[in-house]
Amino acid sequence: MTAAREQLLLDLGEGFTCTFTHGFLPGEGGRVDYLLDYDLSREGGRPFVPDGVREALETLHLDALKLFHASVTPALLDLLSEPVAA
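Have a look at this one:
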C-alpha cells in the first residue's frame, strides 16, 4: 500500500459544511505520513456584509478547531504545543 484516504462530508448546521479527508500518504525517506484535511465552507449566496463575513469566519475557525481536537489525542496536542528546539 502506498496511500489510503477516506473522505467524509459533514453537515455542521446552519449551512456550514466540512469535507474532511484523512488517511496515509507516502512521506520522505519511505516514511508514512498521516493527513488530516478540513475544508470548511458555508452553502448558498448572500449579500456582502462585512460583519456577517466576520461572524462566518469566526464560526468556521471555531468549527475547524473543534474538529481538529476531536481528531487527535490529548497526548498529541501536548506534543504539538511543545516549543521546537532551534
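Read in order, the letters of the sequence shown correspond to residues 1303 to 1388 in this note's numbering. Note that CB positions come from ideal geometry on N, CA and C, so glycine has one too.
Kindly list the residues whose CB is nearer than 6 Å to the CB of residue i, restricted to its own chain and excluding five residues on each side of it in sequence; keep chain order.
{"i": "Phe1318", "result": "Arg1344"}
Look at residue i and residue j and say whether their C-beta atoms are less than 8 Å apart.
{"i": "Phe1370", "j": "Tyr1336", "result": "no"}
{"i": "Gly1325", "j": "Arg1307", "result": "yes"}
{"i": "Leu1327", "j": "Asp1365", "result": "no"}
Using the rule of at least 16 other Cβ atoms within 10 Å of the residue's Cβ for burial, across every protein chain shown, is residue i buried or exposed?
{"i": "Leu1381", "result": "exposed"}
{"i": "Leu1342", "result": "buried"}
Using CA coordinates, which residue listed in the options is at the minimum distance from residue i?
{"i": "Thr1323", "options": "Arg1333, Glu1316, Gly1346 and Ser1373", "result": "Ser1373"}
{"i": "Leu1312", "options": "Thr1375, Leu1362 and Ala1387", "result": "Leu1362"}
Could you name the residues that DSSP lists as bridge partners for residue i?
{"i": "Glu1308", "result": "His1324"}
Looking only at its own chain, which residues have a Cβ that is under 7 Å from the Cβ of residue i, when we skip the five neighbours before and after it?
{"i": "Gly1346", "result": "Gly1317"}
{"i": "Thr1304", "result": "Pro1328"}
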